[in-house]
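Colleague:
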Amino acid sequence: QAVEQDTRLAFGELAAWVRQQVPTRVVALTGSSGKTSVKEMTAAILTQCGNTLYTAGNLNNDIGVPMTLLRLTREHEFAVIELGANHQGEIAWTVSLTQPEAALVNNLAAAHLEGFGSLEGVAKAKGEIYTGLPANGIAIMNADNNDWLNWQSVIGDRKTWRFSPNAANSDFTANNIHVTSHGTEFTLQTPTGNVEVLLPLPGRHNIANALAASALAMAVDAPLSAIKSGLANLKAVPGRLFPIPLAENKLLLDDSYNANVGSMTAAVQVLSEMPGYRVMVVGDMAELGDESEACHTQVGEAAKASGIDRVLSAGHLSKFISQASGVGEHFADKAALIARLKALVAEQQIVTVLVKGSRSAAMEEVVHALQENGTC
2 QAVEQDTRLA
12 FGELAAWVRQ
22 QVPTRVVALT
32 GSSGKTSVKE
42 MTAAILTQCG
52 NTLYTAGNLN
62 NDIGVPMTLL
72 RLTREHEFAV
82 IELGANHQGE
92 IAWTVSLTQP
102 EAALVNNLAA
112 AHLEGFGSLE
122 GVAKAKGEIY
132 TGLPANGIAI
142 MNADNNDWLN
152 WQSVIGDRKT
162 WRFSPNAANS
172 DFTANNIHVT
182 SHGTEFTLQT
192 PTGNVEVLLP
202 LPGRHNIANA
212 LAASALAMAV
222 DAPLSAIKSG
232 LANLKAVPGR
242 LFPIPLAENK
252 LLLDDSYNAN
262 VGSMTAAVQV
272 LSEMPGYRVM
282 VVGDMAELGD
292 ESEACHTQVG
302 EAAKASGIDR
312 VLSAGHLSKF
322 ISQASGVGEH
332 FADKAALIAR
342 LKALVAEQQI
352 VTVLVKGSRS
362 AAMEEVVHAL
372 QENGTC
């Protein structure tokens, strides 16, 4: 009889035991942003190959990961496990339970700085995922992040793959990129060959996400044909750059699920490539600690550099986005912002509205208000 005083520890140990009983091929991923997108993409690819279990929603902490592992059965040929963290040591624990044969850090950005203290702290925490790899495991990392060099002591002599849509010397990269308002087309270049990909999701950042997912899937022997078909069949996820037509030539991009500097600037780039008058509606980014003002200002500067036509903000910190954008209007509450937004949308013949903020900002209230309103 095993007696454990710490219920979280016991829960994790039970999940680890279940994991050890099944022959499922498991991959794990983390990162500052895009985790859910990469998880969904990887699962879509591996589903083409066999029965695949993957993390539901954002159950990626020291309770959510064991919950997912406890769902494993011998019928699952593959599993895609998302690992999140807001403090040091959390990923080291959850990856020890998960025991993946491939592990990926999607990217690094200023997120959860209150828990990590600095970007270096974020890098250290995310790099813990590589401690869970076996000697023959594959470490996958973003070639656009310099921090991977600091992970070599953790990775050791394990096989390493790098991905980037920008770096030609990456193991996984994209060529012949063609961006449309509905998605992207590109040639995926991998260690085992090339394949033409149609990705039905907007934004260049999703190309990087697709490269990451392709690498994870290929690490457990997914063929190019599965990558091609899996990515082509993707569906947009509500709250994550989810397109909602409001009226003819009037589009709402609902990206209200969450936000950090990396995902905010990626969303700015997506909006900048959209037709017509471009409106960015923002709430606060949370958990940035002493860097809060600087991070919000950085997003505003990105909006200015990208030529966004109007920025509307509500919240204590998002005013710095409006101020730095040069085209901003800040409101005391969301009700006033919504009234202004409805008028602005009604004035334009062609308009794209992006709505984004951290979970605590509840920017989905703006999305719902626009959807319920008949003027646009």
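All residue numbers for the sequence shown refer to the working numbering, where the first residue is 2 and numbers rise by one. Just so you know, even glycine gets a beta-carbon here, dropped at the ideal spot from N, CA and C.
Report the partner residues of Tyr55 according to the DSSP bridge assignment.
Modeller: BP columns for Tyr55 point to Val81.
Colleague: Apart from the five residues on each side of it in sequence, which residues of its chain come closer than 6 Å, Cβ to Cβ, to Ser319?
Modeller: Excluding positions up to five away in sequence, the list reads Val283, Gly284 and Asp285.
Colleague: DSSP three-state label for Thr8, please.
Modeller: Helix, per DSSP.
Colleague: Would you report the Cα separation of Asn59 and Ala347, rounded to the nearest angstrom?
Modeller: Their backbone Cα atoms lie some 36 Å apart in a straight line.
Colleague: Can you check whether the CB of Asp256 is closer than 7 Å to the CB of Leu272?
Modeller: No. Outside cutoff.
Colleague: Which of the three DSSP states is assigned to Val367 in this structure?
Modeller: DSSP places Val367 in helix when its eight states are reduced to three.
Colleague: Looking only at its own chain, which residues have a Cβ that is under 8 Å from the Cβ of Thr188, when we skip the five neighbours before and after it?
Modeller: Excluding residues within five positions, the ones whose Cβ falls inside 8 Å are Ala175, Asn176, Asn177, Asn195, Val196, Glu197 and Val198.
Colleague: Please give the ranges of any beta strand (DSSP E) in the region 148-188, keeping only runs that are unbroken, at least 3 residues long and fully inside the region.
Modeller: The qualifying runs are 160-164 and 174-180.
Colleague: Identify whether Asn195 lies in helix, strand or coil by the three-state DSSP scheme.
Modeller: Of the three classes helix, strand and coil, the one that applies to Asn195 here is strand, per DSSP.
Colleague: Under 7 Å, do Arg159 and Ala144 count as touching if we go by C-beta distance?
Modeller: The answer is no: Cβ separation not under 7 Å.
Colleague: How big is the Cα-Cα spacing for Cys377 and His77?
Modeller: Only weak support is given to the placement of Cys377: the predicted model assigns it a pLDDT of 41, under 50, and the question is left unresolved by the model.
Colleague: Quick check on the DSSP output: the beta strand (DSSP E) that includes Ile141 runs from which residue to which?
Modeller: Per DSSP, Ile141 belongs to the beta strand (DSSP E) from Ile139 to Asn143.
Colleague: So, helix, strand or coil for Met281, using DSSP?
Modeller: Strand at Met281.
Colleague: With distances taken from CA atoms, which of Leu345, Thr191 and Leu371 is nearest Pro246?
Modeller: Selected option, being the one with the closest Cα: Leu371.
Colleague: Would Ser34 and Asn261 be called neighbours here (beta carbons separated by less than 7 Å)?
Modeller: Cβ atoms of Ser34 and Asn261: closer than 7 Å.
Colleague: On a Cα-Cα basis, can you pick out the residue from Val66, Ala337 and Thr48 that is closest to Leu15?
Modeller: Checking every option, the nearest Cα to that of Leu15 belongs to Val66.
Colleague: Start and end of the alpha helix (DSSP H) containing His206?
Modeller: Unbroken alpha helix (DSSP H) run through His206: His206 to Ala220.
Colleague: Decide yes or no for the touch test of the region 46-55 against the region 85-95: beta carbon pairs closer than 8 Å, at least 3 of them.
Modeller: The region 46-55 vs the region 85-95: no contact.
Colleague: Secondary structure at Glu91, three-state DSSP: helix, strand or coil?
Modeller: Here Glu91 sits in helix by DSSP.
Colleague: For Leu247, report the span of its beta strand (DSSP E) as first-last.
Modeller: Phe243 to Ala248 is the span of the beta strand (DSSP E), which, as asked, contains Leu247.
Colleague: If we count Cβ pairs, one from each stretch, closer than 8 Å, do we get three or more for the region 301-315 versus the region 325-343?
Modeller: Touching, yes, given that three or more Cβ pairs across the two stretches are closer than 8 Å.
Colleague: Let me make sure I understand the geometry here. Which of Arg72, Ala86 and Asn87 has the alpha-carbon closest to that of Ala80?
Modeller: Closest by alpha carbon: Arg72.
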